[in-house]
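Visitor:
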Amino acid sequence: MPKELACLCVSNFLGWAAFLCVMLFFTDFMGRGVYRGNPSAALDSPDRILYEQGVMIGCWGLTINAASCALYSMSLERILGHVSYRTMYIFGYLAFAAGIGSMAIIAQLTEARWEIIFLCPVMGIMYGTLNNIPYKLISRYHTSETYIRCGVDGLERRGMGIDCALVSSQNQLSQIVIGASLGSIVAAVGSVVSVTVCSSVLAFTACIAAALLVHYDVDRREDAPNYSTALWSM
């Protein structure tokens, strides 16, 4: 595996792990961490009602997440015409880390409830970033002959499909890791707010990886062939 692709996979894994921390537990976080409800309380009891209200507001937050992702993804192509891939990749991770970290602080230190959904657009920005920037970088990598040559003799060529599959597989890998570990973390800490703390820490780590590890410029010692020139010479 080329080092450019390996570094991109590491960054993408950390990003998906951060995103899934929140997405898999968001409604429970709203019901228990923000609204202070109890899903095990008796039906129609105050604690049960609070939990159900939190879950309902959490669903509205996920709706805002989907809408913001759609708007961000539609505008991303135009934004990338003026801003570098590095800037947008780091921005997506950093905005998510700051927004989710703010959710943890608000849930722990204030009595705010439904107001927390105003931070949900950062989840849409993160999802749009994870599903756009890595694949644009792969497309850029494949403009380099040095990158796409593989095999002992260098005669084989890397396919873009396998590279996209390797990056996409980080989603499933992170689901396994988060699904297997996060429940134990919540049980050990004793608070569902730990979900947002873990998510924010992972997102900051992904941001560092995007800034220091990910390659945004490929080796162009041997540029991709100019097919138009070759055809003209014939």
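Note that full-length UniProt numbering numbers the sequence shown so that position 11 is 11, with each residue one more than the last. Virtual Cβ for every residue (Gly too), placed ideally from N, Cα, C.
With the cut-off set at 8 Å, would you say Ala187 and Leu14 are in Cβ contact?
Guide: Cβ atoms of Ala187 and Leu14: not closer than 8 Å.
Visitor: Below 7 Å CB to CB, which residues in the same chain sit around Ile79 once its five sequence neighbours on both sides are set aside?
Guide: Cβ within range, chain order: Met88.
Visitor: Thinking C-alpha only, which one of Ala70, Phe96, Lys136, Trp114 is nearest Gly81?
Guide: With distances taken between Cα atoms, Gly81 lies closest to Lys136.
Visitor: Quick one: which unbroken alpha helix (DSSP H) runs of 4-plus residues sit fully inside the region 72-119? Chain order, please.
Guide: Counting only runs of 4 or more, we get 85-109.
Visitor: I'd like the span of the alpha helix (DSSP H) that includes Met160, first residue to last.
Guide: Note, Met160: alpha helix (DSSP H), 160-189.
Visitor: Please classify Arg157: does DSSP put it in a helix, a strand, or coil?
Guide: Correct three-state label for Arg157: strand.
Visitor: For Arg16, does the count of other Cβ atoms within 10 angstroms reach 16, so buried, or fall short, so exposed?
Guide: According to the sequence as given, residue 16 is Trp; it is not Arg. Trp16 comes out buried.
Visitor: What is the rounded straight-line gap between the Cα of Ser45 and the Cα of Gln53?
Guide: Roughly 12 Å separates the two Cα atoms.
Visitor: On a CA-only basis, which of Leu212, His215, Phe26, Gly190 is nearest Ile100? Give me that one, please.
Guide: When each option's Cα is compared against that of Ile100, the closest is Phe26.
Visitor: If you draw a straight line from the alpha carbon of Leu182 to that of Ser200, how long is it in whole angstroms?
Guide: In a straight line, the C-alpha of Leu182 is about 14 Å away from that of Ser200.
Visitor: So is Thr110 buried or exposed if we call it buried at 16+ other beta carbons inside 10 Å?
Guide: By the neighbour-count rule (16 or more Cβ atoms within 10 Å), Thr110 is not buried but exposed.
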